[in-house]
DNA sequence: AGCAAAATCTTTACAGTGTAAAAATTGCGA
DNA sequence: TCGCAATTTTTACACTGTAAAGATTTTGCT
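Protein chains in written order, with this note's numbering: chain A, 1 to 189; chain B, 1001 to 1189.
In structure tokens:
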């Protein structure tokens, strides 16, 4: 197996550095650079793997429910669950600063994930969504679902929800809060 | 003026390093360390300033509207506008990894921002919210609004919405999308 | 098989970085 | 003014990403 592939088996993303992955892979410190060009390249390649895992989890979750509503809820929960299980990877995937979205593998993986989201929204609206041309309503529905779940996930991973949770009635769980958030009427203003 | 204070006048947050702020402040490279302890301390102090600015913008926006609905919308727009005007700062404020939330100044500034959000939600629900004890409904409403706006903001700053925007009907603006997202019915599942 | 070319890896080097400890300087109150 | 504490500089170290050049291995082709 090539060093490049060994590098991509890393699971802890905390202290991710070119030299660290080189050490772990048992190669010289400059070897990874040859494969990935630079740190941005390595991170982008890892993020692409993340998007594929992430998408697979969502597809699997969507297959479980019976109604469109159940499927949507299952997918939303799978979204948060994936992020909780792989917080470092989720951060990598959605922190554009160190990402090169023009890399084909990353671009494609991210696009497939987005298509899954759009398809899911179309399903729940009982209409076929043409990704190339969205109506305002469709775009709003997609962005609403995405913002809601992504925002919740980010706040959760960044520890911004612990205070709210602690101040909720005794016995309240994160799951309960998440469901209540999704099911309620949105208009906050 | 002390070097420490000069450091905090930095506006570009892109290449923020201890040594960079030292250079800009015209002090030795190790001077900032004495004031802030370490990089986490510096970043946390900057984030506290950000939260205060941010909160001021929200309060100002809330004063403009007549009805509770108008106020809420104005605040939501001010939220996104602040993040667009200070993307580096917004990232700093919500990227916990390099933040020390136990720092009194940061903790307090972040709490005031949260109280503003909670108060805004209480206003739109026509009820007084006791921050120390939230009902499930109240917590869900707060987290829903926060997730929605924070998620939208993050996706926007990370460039994840440009594709959606490009595929919307000709003439659609970000503002239009944002309003449509907020006004629609939420249940994505 | 043999050999040239391409891919892969190592070595060496350099400019930055955060952080720690000691030395030097400054400011200020008694 | 003197002394002490706050502040800053100096020096040092172990890291980091990146670049360039040489060494090695793998691959493809006749």
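Every residue gets a Cβ at the ideal spot worked out from N, C-alpha and C, and that includes glycine. Keep in mind that this is a model prediction, so the values were computed, not measured.
Local conformation of residue 150(A) per DSSP, three classes: Taking the first residue of the first chain as position 1, residue 150(A) is located at position 150. It is helical.
Test item: CB-CB of residue 75(A) and residue 61(A) under 8 Å: Residue numbering aside, residue 75(A) sits at position 75 when the first chain is read from its first letter. Residue numbering aside, residue 61(A) sits at position 61 when the first chain is read from its first letter. Yes, they are a contact pair.
Beta-carbon neighbours of residue 1142(B), restricted to chain A and to distances below 8 Å: Indexing the second chain from 1 puts residue 1142(B) at position 142. Under the 8 Å cutoff, chain A gives 164.
Closest by C-alpha distance to residue 130(A), when choosing among 102(A), 115(A), 43(A): In the first chain, the residue the question calls residue 130(A) occupies position 130. Looking only at 102(A), 115(A), 43(A), the smallest Cα-Cα distance to residue 130(A) is reached by 115(A).
CB contact below 8 Å: residue 1081(B) versus chain A: For this step, residue 1081(B) is matched to residue 81 along the second chain. Residue 1081(B) does not count as touching chain A.
Unbroken stretches of the alpha helix (DSSP H), 4 residues or longer, contained in the stretch 93 to 143 of chain A: Those alpha helix (DSSP H) runs which fall completely within the stretch 93 to 143 of chain A and span 4+ residues are 104 to 124.
Whole-angstrom distance between residue 1140(B) and residue 122(A), CA atom to CA atom: Stepping through the first chain from its first residue, residue 122(A) is reached at position 122. Stepping through the second chain from its first residue, residue 1140(B) is reached at position 140. Rounded to whole angstroms, residue 122(A) to residue 1140(B) spans 25 Å at the Cα level.
Residue 1020(B), DSSP secondary structure in three states: Translated into the one-based positions of the second chain, residue 1020(B) becomes position 20. DSSP places residue 1020(B) in helix when its eight states are reduced to three.
Pick from 1025(B), 1079(B), 1064(B), 1033(B) that is closest to residue 1051(B), judged by C-alpha positions: Position 51 of the second chain, counted from the first residue, corresponds to residue 1051(B). That would be 1079(B), whose Cα lies nearest to the Cα of residue 1051(B).
Residue 1051(B) at chain A interface by Cβ criterion, 8 Å: Within the second chain, the letter at position 51 stands for residue 1051(B). At least 8 Å separates the CB of residue 1051(B) from every CB of chain A.
C-beta contact flag for residue 1155(B) and residue 150(A) at 8 Å: Numbered from 1 along the second chain, position 155 holds the residue referred to as residue 1155(B). Numbered from 1 along the first chain, position 150 holds the residue referred to as residue 150(A). Result yes, Cβ atoms of residue 1155(B) and residue 150(A) sit closer than 8 Å.
Beta-carbon proximity check, residue 32(A) vs residue 16(A), cutoff 8 Å: Position 32 of the first chain, counting from 1, holds the residue named residue 32(A). Position 16 of the first chain, counting from 1, holds the residue named residue 16(A). By the CB criterion at 8 Å, residue 32(A) and residue 16(A) fall outside the cutoff.
Residue 1157(B) vs residue 1083(B) beta-carbon contact at 8 Å: Counting from 1 along the second chain, the entry for residue 1157(B) is found at position 157. Counting from 1 along the second chain, the entry for residue 1083(B) is found at position 83. Here residue 1157(B) is near residue 1083(B), since their CB atoms are less than 8 Å apart.
Amino acids of chain A, ordered along the chain, whose beta-carbon sits closer than 8 Å to that of residue 1104(B): Translated into the one-based positions of the second chain, residue 1104(B) becomes position 104. Contact note: residue 1104(B) does not reach chain A at a C-beta cutoff of 8 Å; the least C-beta distance is about 16 Å.
Residue 70(A) to residue 100(A) span [Cα, whole Å]: Counting from 1 along the first chain, the entry for residue 70(A) is found at position 70. Counting from 1 along the first chain, the entry for residue 100(A) is found at position 100. About 35 Å.
Short CB-CB distance (under 8 Å) between residue 48(A) and chain B: Numbered from 1 along the first chain, position 48 holds the residue referred to as residue 48(A). Residue 48(A) is outside the set of residues whose beta carbon lies under 8 Å from a beta carbon in chain B.
Residue 1146(B) beta carbon near the ligand SAH (any heavy atom closer than 7 Å): The ligand SAH is not among the ligands present in this structure, which contains no ligands whatsoever.
Neighbourhood of residue 14(A) by C-beta distance below 7 Å, restricted to the same chain and skipping five residues each side: Taking the first residue of the first chain as 1, we reach residue 14(A) at position 14. Around residue 14(A), the same chain offers 88 as residues with beta carbons nearer than 7 Å, after the five sequence neighbours per side are excluded.
Expected contact under 8 Å - CB spacing of residue 253(A) and residue 1167(B) to nearest Å: Any question about residue 253(A) goes unanswered here, given that chain A covers just 1 to 189.
Neighbour flag for residue 1023(B) against chain A, beta carbons, 8 Å: Along the second chain, one-based indexing puts residue 1023(B) at 23. Using a CB distance cut-off of 8 Å, residue 1023(B) does not count as an interface residue toward chain A.
Helix, strand or coil at residue 181(A) according to DSSP, with G and I counted as helix: Here residue 181(A) refers to the residue found at position 181 when the first chain is read from its first residue. Residue 181(A) falls in the helix class under three-state DSSP.
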